[in-house]
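Visitor: Numbering (this note's numbering), first residue to last: 7 to 433.
Before anything else, here's the structure in question.
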Amino acid sequence: MRTILRRPDFRLLFGGLLASMTAESILLLALAIWVKDLTGSDGLAGGTVFAVIAPMTLAPLVGWFVDRYPRRPFFVVANLVTAVLLTPLFTVRDHSDVWVVYLVAALYGLSYITLSAALSGLIRQLVPIELLAEANGVLQTVRQGLRLIGPLAGTALYAALGGWALAAIGMAGFLTAAAVVAALPTPHPAPSTVRLRWPAELGAGLRHLAGEPALRRALLGYGLGSLVMGFSESLIFAYVDQGLRRDAAFVGVLVTVQGIGGLVGGLCSAAVVRRFGEVGTLAAGVAFFGPAALALAYPDLRLGFAAVLLAGVSLPLTMVGLHTLIQRRTPPGLVGRVAAATEAVVSGPQAFSIGAGALLVGVLDYRVLFALVGVATLGAGSYLWRGRHLSAPGAASPVPPIVPAPRRPGDPAAGQAATTARRDPRR
């Protein structure tokens, strides 16, 4: 990690992201606890996370939009817009205003996928390809490490000052990120890509995911795991309430313990990628979620701490493996669409599972559901592990070119773009 942090441009980007990631770590859990306090419902609390994830079905459109603009200025503007989107939270007073929290959560979900797609492309421009795993590992280490203090800080702010404090902290974080990233030197522009008609451009990310074997395997395996992983967003409230007999704020303690595991996983992730490749790292991350879920089927606090610690290790391994695979196997001009399409492919099943979990937790014993999550994620991890040879460590990571559409008669621009793509040595 020291190698990537020696780069001045990455250090500046890292400083801006630290502010926005701090805001995120405070916001997300506290919003769910806010809804729990307003309504008294575990299902509605889990539904807050569903509201964040549901807009990700618009990912192909978002990715197409992101790829049409320069990375750095777009990322700055997106952070400014995200800060503005949090302002309706200042109006929430009682349970009749829960819809405002859901609305902000949905808009934040749309902003999140936009920022993620833009960030993935920006990192691809700033960082040499051999340092991508290290860069992603640094960011995931910090993101997961913030779980040590973010959730507790968020719940403490909420308990002491109310929900308006969450909005203020969130806005400050995104405004700071915009100001810092605006100071970045303008990166070298990505090679010009072939402009297709907009319906073809819109689906380019999905077509690339379907046509690249390693990405296809990764998305299928992780998507299958996501079909049940989202259950835990509602199940964890039932585990704390029904199993441990504690109030909802104790979820913040468990998430903090999870952050310790995330810190360990983030620190190890780049080394795991070098040892097992991107798909192998993703497989390990998904598989680790299995025994964690099985352990949570038994309501014991010591076992629960061990379970969320292991779940924490799994998260950065999954994210670093997946993000590095996308960045290494995707043409630079297509990274935004592929990153956004990946969010859609993964978050679609996850959104369904969060919604299903919110309903099932009121019908079935949460312990049965945790056991189901454990078995399913172990199966998904095994499927991914069998495909680890598709991104073997030390092997070249080809970046296939974007294949142009057939040139239409009388369209000199298409011919010129195709010629540029053929001559560009970076392709």
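Built from N, CA and C at the ideal position, the CB exists for glycine as well.
1. Which same chain residues end up closer than 6 Å to Leu230 when comparing Cβ atoms and leaving out the 5 residues on each side of it in sequence?
2. Counting along the chain, where does the alpha helix (DSSP H) carrying Ser117 start and finish?
3. Measure the beta-carbon distance from Gly49 to Gly368 and round it to whole angstroms, keeping in mind my assumption that it falls under 8 Å.
4. Please look up how many angstroms separate the CB atoms of Ala139 and Phe16, rounded, as I've assumed it's under 8 Å.
5. For His214, is the classification buried or exposed, using 16 other Cβ atoms within 10 angstroms of its Cβ as the cut-off for buried?
6. Taking DSSP as the reference, what is the three-state secondary structure of Ile155?
7. Taking its Cβ as the centre, do 16 or more other Cβ atoms sit within 10 Å of Ser198, making it buried, or is it exposed?
8. Any contact between the stretch 173 to 193 and the stretch 305 to 321? By contact I mean 3 or more CB pairs, one from each, below 8 Å.
9. Kindly indicate which three-state DSSP category Gly169 falls into: helix, strand or coil?
10. Could you name the residues of the same chain whose beta carbon sits closer than 8 Å to that of Tyr304, not counting the 5 residues immediately before and after it, in chain order?
11. Within this structure, are the beta carbons of Phe282 and Ala317 separated by less than 8 Å?
12. When you compare the CB positions of Glu284 and Ser122, do they come within less than 8 Å of one another, or not?
13. Count the CB pairs spanning the stretch 24 to 40 and the stretch 146 to 157 that are closer than 8 Å, and state whether there are at least three.
14. Return the Cβ separation of Val314 and Ser275 in integer angstroms, given the expectation that the two are a contact with Cβ distance under 8 Å.
15. In the DSSP assignment, the alpha helix (DSSP H) including Met62 goes from what residue to what residue?
16. Please go through the same chain and pick out, in chain order, the residues whose beta-carbon is closer than 7 Å to the beta-carbon of Leu92, but skip the five residues on each side of it.
17. Identify whether Val257 lies in helix, strand or coil by the three-state DSSP scheme.
18. Between Phe321 and Thr287, is the Cβ-Cβ spacing less than 8 Å?
19. Any contact of the stretch 324 to 343 with the stretch 117 to 132, i.e. 3+ C-beta pairs under 8 Å?
20. Comparing C-alpha positions only, which one of Leu365, Leu33, Thr54 and Leu128 sits nearest to Gly168?
21. Does the beta-carbon distance from Leu241 to Phe376 come in below 8 Å?
22. Apart from the five residues just before and just after Tyr228, which ones in its own chain have a Cβ nearer than 8 Å to its Cβ?
23. Span of the alpha helix (DSSP H) holding Phe237?
24. Quick check: what's the CA-CA separation for Arg435 versus Ala84?
25. Let's see if you can read the secondary structure: which residues bound the alpha helix (DSSP H) around Ser397?
26. Do you know how far the Cα of Thr182 is from the Cα of Ala162?
27. Straight-line CA distance for Arg12 to Leu132?
28. Going by beta carbon distance, what residues of the same chain come within less than 7 Å of Gly211, once the five residues before and after it are set aside?
29. Leaving out five residues before and five after Ala89 in sequence, what residues of the same chain have Cβ atoms less than 6 Å from its Cβ?
30. Alpha carbon to alpha carbon, how far is Val381 from Leu116?
31. Flag this pair as yes or no: are the beta carbons of Ile39 and Tyr164 separated by less than 8 Å?
32. Beta-carbon separation of Gly236 and Leu35 under 8 Å?
33. Going by beta-carbon coordinates alone, are Gln264 and Ile59 separated by less than 8 Å?
34. Where do the N-terminal and C-terminal ends of the alpha helix (DSSP H) with Tyr372 fall, by residue?
35. Going by DSSP in three states, Glu284 sits in which element: helix, strand or coil?
Guide: Looking at the coordinates:
1. Ala386
2. Val104 to Leu132
3. 6 Å
4. By a beta-carbon distance limit of 8 Å, Ala139 does not contact Phe16. Their separation comes to about 13 Å.
5. buried
6. coil
7. Reliability of the predicted coordinates at Ser198 is poor, the pLDDT of 46 falling under 50, and no value is obtained from them.
8. Result no; under three Cβ-Cβ pairs closer than 8 Å.
9. helix
10. Arg373
11. no
12. no
13. yes
14. So it is not a contact: roughly 18 Å between Cβ atoms.
15. Here Met62 belongs to no alpha helix (DSSP H), and DSSP marks it neither H nor E.
16. If you ignore the 5 residues before and after Leu92, its C-beta comes within less than 7 Å of the C-beta of Val110, Ala173, Gly176 and Met177, all in its own chain and listed in chain order.
17. helix
18. One point to set straight first is that residue 321 is Leu, not Phe, in the sequence displayed. No, the pair does not count as a contact, with Cβ atoms beyond the cut-off.
19. yes
20. Leu33
21. yes
22. Leu288, Val292, Thr324, Leu328, Val352, Ala386 and Leu390
23. Run containing Phe237: Phe237 to Ala244, per the alpha helix (DSSP H) assignment.
24. Residue 435 falls outside the range modelled here, since the chain spans only 7 to 433, and no answer is possible.
25. Run containing Ser397: none; DSSP gives neither H nor E here.
26. 22 Å
27. One C-alpha to the other measures close to 13 Å.
28. Pro66, Gly69, Leu340, Arg343, Val344, Ala346 and Ala347
29. The residues Met177, Phe180 and Leu181, in chain order, have a CB closer than 6 Å to that of Ala89 in the same chain once the five nearest residues on each side in sequence are set aside.
30. 31 Å
31. yes
32. Cβ atoms of Gly236 and Leu35: not closer than 8 Å.
33. No, these two residues do not count as a Cβ contact at 8 Å.
34. Tyr372 to Trp391
35. helix
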